[in-house]
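Comments concern the structure below.
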Amino acid sequence: MENLINGLHHITALASDAQRNVDFYVGILGLKMVKKTVNFDAPDVYHLYYGDETGSPGSIVTFFPYAGLVRGRKGGGQLTYSAFSIATASLSFWMDRLVHFGIPYAGPYRRFNETYLRFEDYDGMGVELVANDIDKRPGWNNGKIPTEYSIRGAYTVSLNEYKIDKTVSLLTDVMQHHLVAEENGIYRFEAGVGGPGSYVDVLESPKDIRALQGAGSVHHVAFATDSDETQLEIREKLLSGSYNPTEVLDRNYFHSIYYREPGGILFEIATNPPGFSVDESVSELGTSLKLPEWYEPRREKIEAELPVIVAESK
Numbered sequence: 001m002e003n004l005i006n007g008l009h010h011i012t013a014l015a016s017d018a019q020r021n022v023d024f025y026v027g028i029l030g031l032k033m034v035k036k037t038v039n040f041d042a043p044d045v046y047h048l049y050y051g052d053e054t055g056s057p058g059s060i061v062t063f064f065p066y067a068g069l070v071r072g073r074k075g076g077g078q079l080t081y082s083a084f085s086i087a088t089a090s091l092s093f094w095m096d097r098l099v100h101f102g103i104p105y106a107g108p109y110r111r112f113n114e115t116y117l118r119f120e121d122y123d124g125m126g127v128e129l130v131a132n133d134i135d136k137r138p139g140w141n142n143g144k145i146p147t148e149y150s151i152r153g154a155y156t157v158s159l160n161e162y163k164i165d166k167t168v169s170l171l172t173d174v175m176q177h178h179l180v181a182e183e184n185g186i187y188r189f190e191a192g193v194g195g196p197g198s199y200v201d202v203l204e205s206p207k208d209i210r211a212l213q214g215a216g217s218v219h220h221v222a223f224a225t226d227s228d229e230t231q232l233e234i235r236e237k238l239l240s241g242s243y244n245p246t247e248v249l250d251r252n253y254f255h256s257i258y259y260r261e262p263g264g265i266l267f268e269i270a271t272n273p274p275g276f277s278v279d280e281s282v283s284e285l286g287t288s289l290k291l292p293e294w295y296e297p298r299r300e301k302i303e304a305e306l307p308v309i310v311a312e313s314k
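Counting from 1, one number per residue, gives the positions in the sequence shown under the working numbering.
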């Protein structure tokens with residue numbers, strides 16, 4: 001059977017301050033600013049993309065920074081933790097680095113025979129670093145963090161659900177994931193060829209407080225597919241299952257469909273092509289503000305309203 005879904009494509013969350021968001025993900029975590037653009041539906045707000053050197057699918061985390069946005073609340077019906085992959089040998093490096101920048105962390109913990117750290121960004125978004133030796137994706141050398149210690153990309157995401165049966169049915173029957181592990185009420189599924197970047201962890205937590213969206217909340221999680229054709233195949237499967245996906249939307253760097261999983265979390269299917277180098281060379285990624293063509297006539301006004309941000313590694 002053809003793999004219609006390869007794994008994770010990107011994670012998109014909300015923030016309250018653009019510069020502080022850049023300072024955390026570029027400055028502290030050492031990700032590359034891959035694309036600086038705007039929310040296509042609200043051009044007075046940035047859409048910031050961070051990832052590896054080329055912005056490869058599975059390495060990307062993105063943010064809509066709404067100035068002064070009230071902090072959200074973790075809870076049921078939400079993606080609560082986004083985990084990134086690091087090498088086992090880098091664990092102590094990251095513990096020291098978080099302490100150096102005053103970022104409180106918990107752990108190391110153990111889960112599924114892996115070791116991880118847990119902490120929050122400046123807005124309270126849940127972040128994990130999972131130490132492992134099976135992720136062969138190259139790290140990015142930002143000039144401050146040794147390549148061998150750098151973040152490889154996404155590892156897994158944690159979905160907190162009041163009931164998991166219908167979510168599991170969507171993942172396994174429609175989205176081609178299969179169960180690979182279960183431990184302490186956490187069910188791990190993987191897609192495609194498996195491994196880091198293909199996992200989804202589902203936790204049934206019926207007594208959790210209901211999540212509230214705000215700064216630090218994940219807006220949606222996107223899954224990767226190879227082409228427009230495979231995306232349409234998945235869309236047909238979703239329609240047949242009454243999941244009501246949107247029409248295909250052009251996001252310039254990928255094409256997208258969106259739908260809600262049964263627990264209420266927003267899912268996206270995003271195409272791997274065309275990628276982030278369609279309007280900038282790899283060496284120039286993230287260095288200038290890129291706008292969709294319909295906003296170009298308003299560039300001067302948009303640039304004047306957006307805050308100036310500086311992306312520097314620390």
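Ideal Cβ placement from N, Cα and C applies to all residues, glycine included.
- Considering only residues of the same chain and omitting the five flanking positions on each side of E128, which have a CB-CB separation below 6 Å? Y81, A83, Y116, R118
- Task: Determine the extent of the beta strand (DSSP E) in which E324 is found, giving its start and end residues.
- Result: The shown model of the chain, from 1 to 314, leaves out residue 324, and the question about it has no answer.
- Item | Simplified DSSP state of K32, which is helix, strand or coil | Residue state, collapsed to three classes: strand.
- Backbone secondary structure at T230 - three-state DSSP: helix
- Query: What's the C-alpha gap between V202 and E161?
  - Reply: Take the alpha-carbon of V202 and the one of E161: they are about 7 Å apart.
- Could you pull out every residue in the same chain whose Cβ sits closer than 6 Å to the Cβ of V61, ignoring the five residues on either side in sequence? I11, Y50
- Message: Let me make sure I understand the geometry here. Which of A270, K32, T230, Y259 has the alpha-carbon closest to that of G241?
- Response: Y259
- Task: Please confirm if the segment 190-208 is in contact with the segment 143-159, defined as three or more CB-CB distances below 8 Å between the two stretches.
- Result: yes
- In the structure shown, what three-state DSSP assignment does Q19 receive? helix
- Message: On the DSSP letters alone, give me the boundaries of the alpha helix (DSSP H) that R363 sits inside.
- Response: The chain is shown from 1 up to 314; residue 363 falls before or after that span and cannot be answered.
- If I'm right that G75 touches D208 with Cβ under 8 Å, what's the distance once you round it to whole angstroms? 5 Å
- Message: Just to confirm my understanding: we take Y66, look at its own chain, exclude 5 residues before and 5 after, and list those with CB closer than 7 Å. What are they?
- Response: L14, S16, V45
- Can you tell me the Cα-Cα spacing of V278 and Y253, whole angstroms? 7 Å
- Excluding sequence positions up to five away, which residues of its chain have a Cβ less than 7 Å from the Cβ of D52? K32, S59, W140, G153
- Taking G77 as the reference, give the member of I269, H220, F93 with the closest Cα. H220
- Query: How many angstroms separate the CA atom of L306 from the CA atom of R210?
  - Reply: 33 Å
- Message: If contacts are defined as beta-carbon pairs under 8 Å, then A270 and H9 qualify, I think. What distance do you get, rounded to the angstrom?
- Response: 4 Å
- On a CA-only basis, which of V168, P138, I302 is nearest V38? Give me that one, please. I302
- Query: Among K163, E183, L79, R188, which residue has its Cα nearest to the Cα of T172?
  - Reply: R188
- Item | Proximity of F24 and D121 at Cβ, strictly below 8 Å | yes
- From what residue to what residue does the beta strand (DSSP E) around H47 run? 42-51
- Query: Among G72, Y243, N272, which one has its Cα closest to the Cα of G55?
  - Reply: Answer by Cα proximity: N272.
- Between the C-alpha atoms of I309 and V22, what's the straight-line distance to the nearest angstrom? A straight line joining the alpha-carbon of I309 with that of V22 spans about 8 Å.
- Message: Quick test of your reading: I186 and S85, contact by CB under 8 Å. State the CB separation rounded to the nearest angstrom.
- Response: That pair is no contact at about 18 Å.
- For the beta strand (DSSP E) holding T88, just list the boundary residues, first then last. Element bounds for T88: n/a, residue is neither H nor E.
- Query: Roughly how many whole angstroms lie between the Cα atoms of T225 and Y105?
  - Reply: 34 Å
- Query: Excluding five sequence neighbours on each side, which residues of the same chain lie with their C-beta closer than 6 Å to the C-beta of A18?
  - Reply: Y46, P65, P307, I309
- Message: Measuring straight from C-alpha to C-alpha, what distance separates L291 and R97?
- Response: Here the alpha carbons of R97 and L291 stand approximately 35 Å from one another.
- Query: Alpha carbon to alpha carbon, how far is G143 from S169?
  - Reply: 44 Å
- Three-state secondary structure assigned by DSSP to L239: helix
- Query: For I145, which beta-bridge partners are listed by DSSP?
  - Reply: None; I145 has no bridge partner.
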